[in-house]
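Heads up: the protein sequence lines correspond to chains E and Z, in order. Once you know that position 20 of the first sequence is 20 in full-length UniProt numbering, the rest is easy, because the numbers rise by one and skip nothing. Once you know that position 185 of the second sequence is 185 in full-length UniProt numbering, the rest is easy, because the numbers rise by one and skip nothing. From the three backbone atoms N, C-alpha and C, an ideal C-beta is built for every residue, glycine too. The structure appears right after this line, and notes come after that.
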Amino acid sequence: MGDRYNIHSQLEHLQSKYVGTGHADTSKWEWSSNIHRDTYASYLGHFDMLNHIALCENESKARVRFQLLKRMIQPCGPPHEKMDES
Amino acid sequence: MSSKHDAIEAQSKAMRDERRREDDEARGTRFGDQILDTDVYEENARTGYFNYVPGNNDDDDEDDDYASSLPNVKPKAYGPTADILQNIPNIDRNYDPLAEHRRPTIADRENEYQKKRRMIPGRISPERLDYFAEGGKTPDPQAKGRSYAEIMGEIAIRNAKTDTRNQLAERAKAAEGQSSTTANGGASASGEKRRRRWDQTAPADDNDPKAKKIAYDEAVTPAHRMWDATPAPGQSSFDETPVASRTPGAETPHHSATPSNKRNRWDETPRTERETTNSGWAETPKTDRGGMDDVDYIIRSTPTPSTDKRRSRWDETPANATTNGGSFTPVAKEIGVASTPRTSGSFTPGMTPIIATPVGTRAANMATPTPSQIPMTPEQMQAYRWEREIDERNRPLSDEELDAMFPPGYKILPPPASYIPIRTPARKLTATPTPQSTFSGFHIQESAHGQSAQSNQLQEYQPSGNLPLLKPDDLQYFDKLLQEVDEESLTPEEQKERKIMKLLLKIKNGTPPMRKAALRQITDKAREFGAGPLFNQILPLLMSPTLEDQERHLLVKVIDRILYKLDDLVRPYVHKICVVIEPLLIDEDYYARVEGREIISNLAKAAGLATMISTMRPDIDNLDEYVRNTTARAFAVVASALGIPALLPFLKAVCKSKKSWQARHTGIKIIQQIAILLGCAILPHLKSLVEIIEHGLIDEQQKVRTITALGIAALAEAAAPYGIESFDTVLKPLWNGIKQHRGKGLAAFLKAIGYLIPLMDAEYACYYTREVMIILIREFQSPDEEMKKIVLKVVKQCTATDGVEAKYIKEEVLPSFFKYFWNQRMALDRRNYRQLVDTTVEMANKVGSSEIINRIVDDLKDESEQYRKMVIETIEKIMTNLGSADIDSRLEEQLIDGILYAFQEQTTEDTVMLNGFGAVVNSLGKRCKAYLPQICGTILWRLNNKAAKVRQQAADLIQKIANVMKLCSEEKLMGQLGLVLYEYLGEEYPEVLGSILGALKGIVNVIGMTNMTPPIKDLLPRLTPILKNRHEKVQENCIDLVGRIAELGAEHVPAREWMRICFELLELLKAHKKSIRRAAINTFGYIAKAIGPHDVLATLLNNLKVQERQLRVCTTVAIAIVSETCSPFTVLPGLMNEYRVPELNVQNGVLKALAFMFEYIGEMSKDYIYAVTPLLEDAMMDRDLVHRQTAMTAIGHMSLGVFGFGCEDALCHLLNHVWPNIFETSPHVIQAFISAIEGLRVGLGPGRVLYYTLQGLFHPARRVRDVYWKVYNTLYIGAQDTLVTGYPRIVDDNIRPTIDENESLQKRIEKPRNDYARYELDYII
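Next comes the structure, spelled out in structure tokens:
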């Protein structure tokens, strides 16, 4: 019991170790960037999704995969300069 | 059946009769014989009796000279009179009955070596310059810190001084030897000295030429040293300067009385009394605090015998005694003359005198000086506390008390004009008991005024304000808090000091909340307070001789916290902290060592490597081994904190030091410690580490060579099994070394090789083993214990390597190994014993079990019991490892024979024999069949033994061999044993009873319920009353047995009996031991299964009403288990009905039982979810927090269970009730909420929960966002991939970013320009 309680009290710290988690000051841009990356990762990971997209875009699978990977860098464009203060 | 029973009965009766006869014979009271006193009592037993009536206090009356100055009565002490005490034979007067309940101080358990730091005055080093402050500018020479050059100079001087002193000492010793042979003929110098001490007419020492010669150290008496120009504060420490009292001059104080004189004892009182407290350097010793400027510091830290040798007699000037806190004046005669402190100056100020101050009743006779601010030893403290309590009880009656006591009509007379009240406090103390002693008999203290008076008394010594109580030992550190001062009038410095003091006191003695607040405050304000004032107060506290573990832990924690805050400010104090913390590194307490390491590593991080090196560098070639040892360990910690590579250049330089071998020694020791501390983390740097120390193997100094070998051993051990290539360069010197060295050096070299061989590949290992084995075999004969241990260890390591062949070991090693090691002497030392057993087992792994066992099996009949034990333990380990396939029938016979012999002959019953026996029998298995009757005979005989231990052991053995008996199909024998055990259930020793129950359990387990004799229906009713037994072992074994019967053979027992057991089981739920509670709960399940859940459930539900939480929790678990074993539908209706009882505990219990039930039944939940939803819904709407919390836990478990069964409608309904609890603050509720959400995430799918979460992620209130993000994160980590389909469509920011220089900033921010849509989703929709 004590153990579990401790883990919960440190839950936030634990969670912050994972990429993609957020906190009260997470901005829209950061959050949606993460969403996009997760989405791309999911497409890449699920074989059928990749096939489907390739079919729709009439591209080779390798190219679609490459495109998706490339888009992970800044999926939602550059951040606002003053993002922190907004 | 009955005939068998009768046979057993007859047998055990015969045994009992025989035993009785034996007993009788031993006592000599045979029936019908004449019984004489001398038969019963020993012939000369009366010599122990008193043959006189206790005299009329003949020689104790004059005990108290001061008593005659008091009016006619002698103060009575509590407890037995002196007569009785005098005449009790063999009573240890120093025995302190409370000793074991007293919390031990750290100082108490330190050994000689560790005490070193306390014996040395003023070890806390003064501030040093910070070279790295202000970007490495040359520090101001006027600064008060000491520079590196100064310190190195001091150390050089000190070392030179010590050298000279040692030389002088040696010369003096030589001279002493000479004088004793020449001058006085027979009288040796020491005899001279002793005689002089007692001889009343001894001439003054100065006239004695011989004494001059002996007292070589008079040249350096502290009195002179004090004026020594060298400003070496605290450093004088490390040398072995003889303390003043050791000089003969100090040992011949004025003696005026003859030994026969009764007044003699007064002469043993401290003769060197300090006349005044303010006589400069003879000031009350006090642990230094605050400004430690050098001059003042030396003066205080120098032990000085004071010159005033006036006799202190209490009847003369009691007032004087108050200034002399260091020495108590014992009054009672029983206080040994030798135990009187001689000169208070002979003790290190503030440190513990080695003399035991009388405690307990003897202390009652002592008057204590009023508590002035002087350091007290723990013993003194104890005496002081005790004494204060006695004073409290003996305090004179107050006017009110007298009023209450006398009938009306009395009046108070004015005191006569000539009366002068006693003003001296010490006398007052002795005078107080008078009224008490006038009436004798029993007297009950009236608590009311007792308490008020006590609190008054305490108040005197307690600080005002909201501060925790001071312990008497704290006085010296916190005395300033006792003075009432106006804080405003103090200088800022003093205010700060006072503030820190208060905080420290709160941390040290305060309640947890108080401590927590103070700790936070001191951490927050650390930089404001500054490093100096903080450490000047904390560090002396840490050095206090009365410090306890808990207090040390707290103070260390304070240092730890403030280090973070102070960061580089700490630099001037690094050495100071090191001096205090380093001893923790060699503390025997593991946690102390860990704390020490933590502090030093934080210190290293805060102060930086350069500071650490420059501070500790001077200690590396210190002459004192203690300092070098601790420094080496500290350096190893620094290396682990800052990384080995950072320290490598420094270590290289140190290990190559040409100036002193001590530096090389310490450097190599640092590397050894690094290896021990870091383990395999040294591997990347292994090569450089070995290179740094390898030249030490051929150093000219023996000690350096030894430590180098040890260092290599440590490195090899840490690196195992890798890194042999790094050691290539040292192999040759090591092998040369073992051929050249002898004794200790050789031991170290062998150790290094022993650790290296396992790293080598098989071929090399074989070669090197052969090489080293020659030396090892030669050293088998070494008488040195240390060598023996190392040789054994190396042999073990060599044998374990692959390359070594069994044949080689068999032929070359075994003969001499057994010749030199397998003897009785090796069994005596615990460590040798261990090592020998381990090595032999390792050899057996190589050469096979029969080879070894053959050699030692005859020793099972050796006359030394310890040796037999060693043999048994070895055989046990070998046979557990290797089995018995190797053992032929002859050896088997010898083995059983020997073990039976050893088992029967044992005098101290312990587990070694038992385990050995059990292991051998179990290993032989079926082959035991022939011996089982004999073994059982032994067991039966021993079950009938007088000694409880023997019976217990016999029962334990049955449990161990029950399996084998079954294997040999000796059911009949087991039945007999079962019956005998059954008869012994009346056993009165709980330990034995527990074992008997365990044995029965063992038999029942293998024989089965139906075949059991006695039949279960007879056995169980006998067990029911035993369940009441409060002994843990009995409880545990009994409940196990009952549980086993309930599980497998419940039908043998009527339901009524089971119900009775149910009630007993409820009591067992109170047990402290978890395994008992668990067994009890499981038993509920079995019983419920056997007799149906209704009665059991009724009992359990009733039990929910009790107050005790543990009981209720266990009951809920039991209910859950019952419902699991008997299907929930039998239990749920009753349980849900119970929820209607309008009582909080019951309702919570029901919810909790539901939670456990859903946890246990898993998928079965799908059948019950709709049934319980209304109940949970109701619970979720309750005002009571615990209701909701428990309901949420239940929901969490339930939704996990129903995953995939299409119960989303109910779950969603419940989620709507759970969700509002998101804003709860109690940690338990939060936990329950999170677990419910996690469960619902699985049961309901993360998408659904995500939509609940989205509403708050970007809420304007931070508090809302905080918790919503937390929930989101839980979701995200749990179901990252699944969430992809669930994310909302986020509206694009349409306009592409065009950065226009001329555009205003405001506009740019307003301009949305990001692309948030996930277009690919459109392909799907």
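- Message: Does residue 548 of chain Z come out as helix, strand or coil in the three-state DSSP assignment?
- Response: The sequence position of residue 548 of chain Z within the second sequence is 548, counting from 1. Strand.
- Item | Heavy atom of the ligand MG within 8 Å of residue 639 of chain Z beta-carbon | For the ligand MG, the structure offers nothing, since it holds no ligand at all.
- Message: Using the Cβ count rule (16 or more neighbours within 10 Å means buried), how would you classify residue 55 of chain Z?
- Response: Position 55 of the second sequence, counted from the first residue, corresponds to residue 55 of chain Z. With a pLDDT of 43 at residue 55 of chain Z, under the threshold of 50, the modelled position of that residue is not reliable, and no figure is offered here.
- Item | Contact set between residue 23 of chain E and chain Z, taken where Cβ atoms lie within less than 9 Å | Working through the first sequence from its first residue, we reach residue 23 of chain E at position 23. Simply 1265, 1266, 1269, 1270, 1273.
- Please list, in chain order, all residues of the same chain as residue 1014 of chain Z whose beta carbon is under 7 Å from its beta carbon, the five residues on each side excluded. Here residue 1014 of chain Z is taken as the residue at index 1014 of the second sequence, counted from 1. If we look at residue 1014 of chain Z and ignore the five residues flanking it on each side, its Cβ neighbours are 978, 979, 982.
- So, residue 694 of chain Z versus residue 708 of chain Z, is the Cβ gap smaller than 9 Å? As a first step, residue 694 of chain Z must be located in the second sequence, where it is residue number 694. As a first step, residue 708 of chain Z must be located in the second sequence, where it is residue number 708. Contact flag set, yes.
- Task: Report, in whole angstroms, the separation of the C-beta atoms of residue 1099 of chain Z and residue 1063 of chain Z, which I expect to be a contact under 8 Å.
- Result: Taking the first residue of the second sequence as position 1, residue 1099 of chain Z is located at position 1099. Taking the first residue of the second sequence as position 1, residue 1063 of chain Z is located at position 1063. Residue 1099 of chain Z to residue 1063 of chain Z, Cβ: 7 Å. Contact.
- Sequence-distant residues of its chain with Cβ nearer than 8 Å to residue 15 of chain Z (five each side left out): Along the second sequence, one-based indexing puts residue 15 of chain Z at 15. Here the set comprises 940, 941, 944.
- Verify whether the separation of the beta carbon atoms of residue 50 of chain E and residue 63 of chain E is less than 9 Å. Looking up residue 50 of chain E in the first sequence gives position 50. Looking up residue 63 of chain E in the first sequence gives position 63. No. Outside cutoff.
- Message: Please state whether the Cβ-Cβ distance between residue 1037 of chain Z and residue 998 of chain Z is less than 9 Å.
- Response: The count along the second sequence starts at 1 and reaches residue 1037 of chain Z at position 1037. The count along the second sequence starts at 1 and reaches residue 998 of chain Z at position 998. Against a cut-off of 9 Å, the Cβ pair of residue 998 of chain Z and residue 1037 of chain Z comes out as a contact.
- Message: What would DSSP say about residue 1051 of chain Z, mapped onto helix, strand or coil?
- Response: Along the second sequence, one-based indexing puts residue 1051 of chain Z at 1051. Of the three classes helix, strand and coil, the one that applies to residue 1051 of chain Z here is helix, per DSSP.
- Message: Can you pull the chain Z neighbours of residue 32 of chain E, defined as C-beta to C-beta under 7 Å?
- Response: For the purposes of this step, residue 32 of chain E is identified with residue 32 of the first sequence, where counting begins at 1. Chain Z residues near residue 32 of chain E: 1290, 1316.
- Could you work out which residues of chain E lie near residue 1280 of chain Z, taking near to mean beta carbons separated by less than 8 Å? Position 1280 of the second sequence, counted from the first residue, corresponds to residue 1280 of chain Z. Within chain E, the residues near residue 1280 of chain Z are 20, 38.
- For chain Z, is any of its Cβ atoms less than 9 Å away from the one on residue 73 of chain E? Translated into positions along the first sequence, residue 73 of chain E becomes position 73. No, residue 73 of chain E does not count as interfacial toward chain Z.
- Going along the chain, which residues of its own chain have a beta-carbon closer than 6 Å to the beta-carbon of residue 1316 of chain Z, five neighbours each way excluded? Translated into the one-based positions of the second sequence, residue 1316 of chain Z becomes position 1316. Answer for residue 1316 of chain Z: 1290, 1292, listed in chain order.
- Message: Between which residues of its own chain and residue 1158 of chain Z is the CB-CB distance below 7 Å, once the five residues before and five after are set aside?
- Response: Locating residue 1158 of chain Z in the second sequence gives position 1158, counting from the first residue. Same-chain partners within the cutoff: 1165, 1194, 1197, 1198, 1201.
- Do you know how far the Cα of residue 550 of chain Z is from the Cα of residue 1229 of chain Z? Stepping through the second sequence from its first residue, residue 1229 of chain Z is reached at position 1229. Stepping through the second sequence from its first residue, residue 550 of chain Z is reached at position 550. About 33 Å.
- Segments of 4+ residues assigned as alpha helix (DSSP H) that fall wholly inside the region 656-699 of chain Z: 661-678, 686-694
- Touching or not, the region 809-826 of chain Z and the region 775-788 of chain Z, by the rule of three or more beta carbon pairs under 8 Å? yes
- Task: With 9 Å as the threshold, decide whether the Cβ of residue 1323 of chain Z is near any Cβ in chain E.
- Result: Residue mapping note: residue 1323 of chain Z aligns to position 1323 of the second sequence, counting from 1. Yes - at least one Cβ of chain E is within 9 Å of the one on residue 1323 of chain Z.
- Give a yes or no on whether the C-beta atoms belonging to residue 822 of chain Z and residue 784 of chain Z are separated by under 9 Å. To locate residue 822 of chain Z, count along the second sequence from 1; it is residue 822. To locate residue 784 of chain Z, count along the second sequence from 1; it is residue 784. In this structure, residue 784 of chain Z does not lie closer than 9 Å to residue 822 of chain Z by Cβ.
- So which residues on chain Z does residue 69 of chain E lean against when the C-beta distance must stay under 8 Å? By 1-based counting over the first sequence, the position of residue 69 of chain E is 69. Near residue 69 of chain E there are no residues of chain Z at all, since even the closest Cβ is about 14 Å away, more than 8 Å.
- With 9 Å as the threshold, decide whether the Cβ of residue 1223 of chain Z is near any Cβ in chain E. Residue mapping note: residue 1223 of chain Z aligns to position 1223 of the second sequence, counting from 1. With 9 Å as the cut-off, residue 1223 of chain Z does not count as an interface residue toward chain E.
- Item | Burial state of residue 56 of chain E (16 or more Cβ within 10 Å) | Sequence index remark: in the first sequence, residue 56 of chain E carries index 56 (1-based). Exposed, because fewer than 16 other Cβ atoms sit within 10 Å of the Cβ of residue 56 of chain E.
- Query: Is it right to say residue 1412 of chain Z is buried, meaning 16 or more other beta carbons lie within 10 angstroms of its own, or is it exposed?
  - Reply: One cannot answer for residue 1412 of chain Z here, as it falls past the ends of chain Z, which runs 1 to 1325.
- How long is the line joining the alpha carbons of residue 474 of chain Z and residue 560 of chain Z, rounded to whole angstroms? Within the second sequence, the letter at position 474 stands for residue 474 of chain Z. Within the second sequence, the letter at position 560 stands for residue 560 of chain Z. Whole-angstrom Cα-Cα distance: 22 Å.
- Cβ neighbours of residue 1286 of chain Z in the same chain (closer than 7 Å, five flanking residues each side left out): Here residue 1286 of chain Z is taken as the residue at index 1286 of the second sequence, counted from 1. Hits under 7 Å: 1246, 1247, 1250.
- Query: Between the Cα of residue 41 of chain E and the Cα atoms of Z:1288, Z:1323, Z:950, Z:1284, which residue gives the shortest distance?
  - Reply: Start at 1 with the first residue of the first sequence, and residue 41 of chain E comes out as number 41. Minimum Cα distance to residue 41 of chain E is reached at Z:1284.
- Message: Suppose the cutoff is 7 Å on Cβ atoms and the five residues either side in sequence are ignored; what does the same chain contact list for residue 926 of chain Z look like?
- Response: On the second sequence, residue 926 of chain Z is found 926 positions in, with the first residue counted as 1. Taken in chain order, the residues that qualify are 967, 968.
- Do you know how far the Cα of residue 542 of chain Z is from the Cα of residue 494 of chain Z? Counting from one through the second sequence, the residue named residue 494 of chain Z turns up at place 494. Counting from one through the second sequence, the residue named residue 542 of chain Z turns up at place 542. About 21 Å.
- Task: For residue 1012 of chain Z, count neighbouring Cβ atoms within 10 angstroms of its own Cβ and tell me buried if that reaches 16, exposed if not.
- Result: Taking the first residue of the second sequence as position 1, residue 1012 of chain Z is located at position 1012. The residue in question, residue 1012 of chain Z, is buried, as its Cβ has 16 or more Cβ neighbours within 10 Å.
- Item | Contact set between residue 1287 of chain Z and chain E, taken where Cβ atoms lie within less than 7 Å | Stepping through the second sequence from its first residue, residue 1287 of chain Z is reached at position 1287. Per Cβ cutoff of 7 Å: 35.
- Is DSSP giving residue 614 of chain Z helix, strand or coil here? Residue 614 of chain Z sits at position 614 when you count from the first residue of the second sequence. Residue state, collapsed to three classes: helix.
- Message: Within a Cβ cutoff of 7 Å, which residues of the same chain sit near residue 523 of chain Z, ignoring the five residues on either side of it in sequence?
- Response: On the second sequence, residue 523 of chain Z is found 523 positions in, with the first residue counted as 1. The answer, listed in chain order, is 561, 562, 565.
- Item | Range covered by the alpha helix (DSSP H) that runs through residue 1103 of chain Z | Counting from one through the second sequence, the residue named residue 1103 of chain Z turns up at place 1103. First-last of the alpha helix (DSSP H) with residue 1103 of chain Z: 1093-1103.
- In chain Z, what lies closer than 7 Å to residue 12 of chain E by C-beta? As a position in the first sequence, residue 12 of chain E is number 12, starting the count at 1. Chain Z residues near residue 12 of chain E: 1270.
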